[in-house]
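J.: First residue of the sequence shown: 694, per our numbering; consecutive thereafter.
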Amino acid sequence: MKQLLDADSREYYFKGSEDLEIYPQLEKVVFLDDDVVVQKDLTSLFSLDLHGNVNGAVETCLEAFHRYYKYLNFSNTIISSKFDPQACGWAFGMNVFDLIGWRKANVTARYHFWQGQNADQTLWKMGILPAGLLTFCGLTEPLDLKWHVLGLGYDLNIDNRLIETAAVIHFNGNMKPWLKLAIGRYKPLWERYVNQSHPYLQDCVTS
Numbered sequence: 694m695k696q697l698l699d700a701d702s703r704e705y706y707f708k709g710s711e712d713l714e715i716y717p718q719l720e721k722v723v724f725l726d727d728d729v730v731v732q733k734d735l736t737s738l739f740s741l742d743l744h745g746n747v748n749g750a751v752e753t754c755l756e757a758f759h760r761y762y763k764y765l766n767f768s769n770t771i772i773s774s775k776f777d778p779q780a781c782g783w784a785f786g787m788n789v790f791d792l793i794g795w796r797k798a799n800v801t802a803r804y805h806f807w808q809g810q811n812a813d814q815t816l817w818k819m820g821i822l823p824a825g826l827l828t829f830c831g832l833t834e835p836l837d838l839k840w841h842v843l844g845l846g847y848d849l850n851i852d853n854r855l856i857e858t859a860a861v862i863h864f865n866g867n868m869k870p871w872l873k874l875a876i877g878r879y880k881p882l883w884e885r886y887v888n889q890s891h892p893y894l895q896d897c898v899t900s
């Protein structure tokens, strides 16, 4: 969901595929970002009742900076006339999507609409989440926090009990566990799953 900088990039990534449908027979998918560790079985996500919503996600509004006004330009009437600045944001990185509901709500078209509205970057600046917040507004089911604990790439003070019970832990932030600037107490949570003897890892610097 990246906001693409130039017209050529948008043309390449979007124009030719707007009407295509990937995996038309699937009913649900679980999305996992590339900086997460799955600690527990996620099977039950596929039978989770989303109560008619399309996106199942853990809400992040316990911290004020995760509300809509922090992501979007509410001085623009296109935003302020349609959205609540105090609306709760949600975590992108471990999500369950109801594809039947997605098709009914024409979510893909909604996403492309908001990307088009922000062609001049006046609704939001760069980032992966704002377009998603707009697209899935009114279509998001809050999930229990245990499904997705995030912040391991920037927050030094996450409760160990939250980490231990989480199904997915997310190293979102700049201090990725494979970098030298990783947060020390979280780094083993990633490294225990990494096969350091793998030839690909032998050819790159991961610490």
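Glycine included, each C-beta is placed from N, C-alpha and C at the ideal position. Keep in mind it's a predicted model, so treat the numbers as computed, not measured.
Opposite Leu-843 in the DSSP bridges: which residues?
T.: The partner list for Leu-843 (beta bridge, DSSP) reads His-863.
J.: Going by beta carbon distance, what residues of the same chain come within less than 7 Å of Trp-783, once the five residues before and after it are set aside?
T.: Here the set comprises Ala-750, Val-751, Glu-752, Thr-753 and Thr-833.
J.: Return the chain-ordered list of same chain residues with a C-beta closer than 6 Å to the C-beta of Glu-714, the five sequence neighbours on each side being excluded.
T.: Within the same chain, Glu-714 has no close Cβ partners at all.
J.: Output yes or no for whether 8 Å exceeds the beta carbon distance between His-863 and Met-787.
T.: Taking 8 Å as the Cβ cut-off, His-863 and Met-787 qualify as a contacting pair.
J.: Given this structure, state the Cα-to-Cα distance separating Val-861 from Tyr-716, to the nearest angstrom.
T.: Cα to Cα, Val-861 sits roughly 25 Å from Tyr-716.
J.: Would the region 834-844 and the region 807-816 be scored as touching if the rule is three or more Cβ pairs under 8 Å?
T.: As far as the Cβ criterion goes, the region 834-844 does not touch the region 807-816, which means the pair count is below three.
J.: Where does Asn-850 fall in DSSP's three states?
T.: Asn-850 falls in the coil class under three-state DSSP.
J.: So which of Val-729, Trp-795 and Lys-721 has the shortest CA-CA distance to Gly-831?
T.: It is Trp-795 whose Cα lies nearest to the Cα of Gly-831.
J.: Which word fits Lys-763, buried or exposed, when buried means at least 16 other C-beta atoms lie within 10 angstroms of its C-beta?
T.: Classification for Lys-763: exposed.
J.: For Gly-749, write down the residues that DSSP places opposite it in a beta bridge.
T.: The partner list for Gly-749 (beta bridge, DSSP) reads Val-789 and Glu-834.
J.: Below 8 Å on the Cβ atoms is my contact criterion, and I expect Val-800 with Leu-738 to pass it. Report the Cβ-Cβ distance as a whole number of Å.
T.: At roughly 18 Å, the Cβ-Cβ gap does not stay under 8 Å, so Val-800 and Leu-738 are not in contact.
J.: Are Asn-888 and Leu-882 touching if we call contact CB-CB under 8 Å?
T.: Not a contact, by the Cβ cut-off of 8 Å.
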